[in-house]
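Asks:
Residue numbers (the working numbering): 243 to 564.
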């Protein structure tokens with residue numbers, strides 16, 4: 243359904259219910275978009291009561307004939323719990339995965355334009371810290387290896403080829419095929435959704451690109467990938483040295499800087515833009531966005547959470563071809 247998107251409440255032991263409720267109170271998105279929440283109705287109601295946030299809600303189990311403007315509709319996902327912010331890891335995992343699968347089903351059947359998922363604790367949900375929603379969506383959609391994490395800001399975006407893995411595993415986890423697939427997905431996303439042909443800079447793995455020695459990853463993997471991408475008429479440059487990649491990105495006209503590992507591009511990006519960004523999974527048949535921050539467990543129940551990144555995630559849907 244055009245202009246209808248879901249917010250997946252995701253991790254119950256988090257600030258997620260707080261930022262959803264604060265977003266709803268702002269109503270900045272309401273003229274062009276309709277939203278509803280996928281999550282457990284009773285849990286969210288009790289969490290908001292503890293936070294002393296009053297909004298009108300409605301429990302739903304279908305999307306037809308609903309008024310999404312007057313009340314925050316909550317598509318109910320079953321969950322057993324005793325205390326609203328102390329759900330067990332086992333129950334968190336089942337609950338979040340079922341919520342994500344429902345969002346994917348609604349998106350694949352065109353019931354919604356896409357979804358925004360609120361933050362999760364990867365270890366609680368997937369049992370490990372090096373596997374997250376990006377990888378889950380790729381595998382569940384049968385597109386694993388073609389999905390890419392794009393940390394998006396209108397001025398500059400970044401993408402790591404590998405995500406939350408140990409540094410010692412990075413070299414063995416990159417390949418010509420993976421680099422080509424992920425950058426092809428990024429390019430396609432910019433062309434189709436943002437109506438722009440991006441200029442993409444690719445960063446080498448080693449300091450000073452290991453001076454392009456014969457046995458370096460730059461020579462063996464990254465340069466052959468760049469040659470193939472150029473043959474596909476994708477605007478790529480590199481490999482460029484990581485220590486200067488962000489210095490003149492404006493003058494160089496870079497729209498995206500792609501690194502070989504997470505902190506290689508996320509650290510300088512957040513130094514420049516802090517949390518003024520959203521996390522997009524590209525390469526999927528639907529649009530999935532999330533705020534670029536964590537679960538905020540240190541401020542749960544303190545009513546201090548800022549919904550700005552969630553608002554940016556929602557507003558992204560307004561200006562693209564969904």
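For glycine and all other residues, C-beta sits at the position ideal for the given N, C-alpha and C. Being a predicted model, the structure only gives us computed values, none of them experimental.
Given this structure, state the Cα-to-Cα distance separating residue 301 from residue 278, to the nearest angstrom.
Replies: Going from the Cα of residue 301 to the Cα of residue 278 covers about 10 Å.
Asks: Please classify residue 445 as buried or exposed, where buried requires at least 16 neighbouring CB atoms within 10 angstroms.
Replies: By the neighbour-count rule (16 or more Cβ atoms within 10 Å), residue 445 is buried.
Asks: Once the 5 residues before and after residue 517 are set aside, which same chain residues still bring their CB inside 7 Å of it?
Replies: Contacts found: 534, 535, 551.
Asks: In the DSSP assignment, find the beta strand (DSSP E) that holds residue 368 and state where it starts and stops.
Replies: No beta strand (DSSP E) contains residue 368, which is instead part of the alpha helix (DSSP H) from 364-368.
Asks: Since residue 550 is in the alpha helix (DSSP H), which residue starts that stretch and which ends it?
Replies: From DSSP, the alpha helix (DSSP H) with residue 550 extends over 550-558.
Asks: Consult DSSP for residue 245 and reduce its assignment to one of helix, strand or coil.
Replies: If DSSP states are grouped into helix, strand and coil, residue 245 belongs with coil.
Asks: Should residue 427 and residue 390 be called a contact, given that it needs their Cβ atoms to be closer than 7 Å?
Replies: In this structure, residue 390 lies closer than 7 Å to residue 427 by Cβ.
Asks: Starting from the C-beta of residue 581, find all residues in its chain whose C-beta is less than 8 Å away, skip the five residues before and the five after it, and write them out in chain order.
Replies: Residue 581 is absent from the structure shown; the chain starts at 243 and stops at 564.
Asks: Can you name the start and end residues of the alpha helix (DSSP H) that residue 329 belongs to?
Replies: Neither: residue 329 is in no alpha helix (DSSP H) and is coded neither H nor E.
Asks: Quick check: what's the CA-CA separation for residue 421 versus residue 392?
Replies: Cα-Cα distance, rounded: 14 Å.
Asks: Can you say whether residue 459 is buried or exposed, counting buried as having 16 or more other CB atoms within 10 angstroms of its CB?
Replies: By the neighbour-count rule (16 or more Cβ atoms within 10 Å), residue 459 is buried.
Asks: Does the pairing of the stretch 365-373 with the stretch 504-519 give three or more beta-carbon distances under 8 Å?
Replies: Short answer: they don't touch.
Asks: From the DSSP output, read off the bridge partner residues of residue 315.
Replies: In DSSP, residue 315 forms a bridge with 300.
Asks: Does the structure place the stretch 293-310 close enough to the stretch 332-339 that three or more beta carbon pairs sit under 8 Å?
Replies: Counting Cβ pairs under 8 Å, fewer than three are found: no touch.
Asks: Can you name, in chain order, every residue of its own chain whose Cβ lies under 6 Å from the Cβ of residue 396, other than the five neighbours on each side?
Replies: So no residue of the chain qualifies.
Asks: Helix, strand or coil for residue 345? Go by DSSP, reduced to three states.
Replies: DSSP places residue 345 in helix when its eight states are reduced to three.
Asks: Beta-carbon separation of residue 260 and residue 293 under 7 Å?
Replies: Yes, the pair counts as a contact, with Cβ atoms nearer than the cut-off.
Asks: What are the partner residues of residue 384, as DSSP defines its beta bridges?
Replies: For residue 384, which the question treats as bridged, DSSP gives no partner whatsoever.
Asks: Output the distance between the C-alpha atoms of residue 490 and residue 478, rounded to the nearest integer angstrom.
Replies: Those two C-alpha atoms are separated by around 16 Å.
Asks: Sort 440, 423, 454 by Cα distance to residue 499 and report the nearest one.
Replies: Nearest of 440, 423, 454 to residue 499, Cα basis: 440.
Asks: Let me confirm a value: residue 364 is counted as buried when at least 16 other C-beta atoms fall within 10 Å, else exposed. Which label applies?
Replies: Classification for residue 364: buried.
Asks: Using the three-state DSSP reduction, which class does residue 449 fall into: helix, strand or coil?
Replies: Three-state result, residue 449: helix.
Asks: Does DSSP put residue 306 in a helix, a strand or coil?
Replies: Residue 306: coil per DSSP, three-state reduction.
Asks: How is residue 519 classed by DSSP in three states: helix, strand or coil?
Replies: Coil at residue 519, not helix or strand.
Asks: According to DSSP, is residue 392 part of a helix, a strand, or is it coil?
Replies: Strand at residue 392.
Asks: Report, in whole angstroms, the separation of the C-beta atoms of residue 394 and residue 519, which I expect to be a contact under 8 Å.
Replies: Right, their Cβ atoms sit about 6 Å apart.
Asks: Look at the alpha carbon of residue 340 and the alpha carbon of residue 311, and state the distance between them as a whole number of angstroms.
Replies: The straight-line gap from Cα to Cα measures roughly 26 Å.
Asks: Answer with buried or exposed for residue 424, where buried requires no fewer than 16 other C-beta atoms within 10 angstroms of its C-beta.
Replies: Classification of residue 424: buried, given that the 10 Å Cβ count is 16 or more.
Asks: According to the Cβ coordinates, are residue 358 and residue 249 closer than 7 Å?
Replies: Contact flag set, yes.
Asks: Between residue 266 and residue 362, what straight-line distance do the alpha-carbon atoms span, to the nearest angstrom?
Replies: Between residue 266 and residue 362, the C-alpha separation is close to 20 Å.
Asks: How long is the line joining the alpha carbons of residue 463 and residue 480, rounded to whole angstroms?
Replies: One C-alpha to the other measures close to 12 Å.
Asks: Please classify residue 355: is it buried, with 16 or more other beta-carbons within 10 angstroms of its beta-carbon, or exposed?
Replies: The residue is buried, with at least 16 neighbouring Cβ atoms inside 10 Å.
Asks: DSSP state of residue 564, grouped into three classes?
Replies: Reliability fails at residue 564, whose pLDDT of 49 lies under 50, so the model's placement of it is uncertain and the value that follows must be treated cautiously. Correct three-state label for residue 564: coil.
Asks: Decide if residue 527 is buried, meaning its Cβ has at least 16 other Cβ atoms within 10 Å, or exposed.
Replies: By the neighbour-count rule (16 or more Cβ atoms within 10 Å), residue 527 is not buried but exposed.
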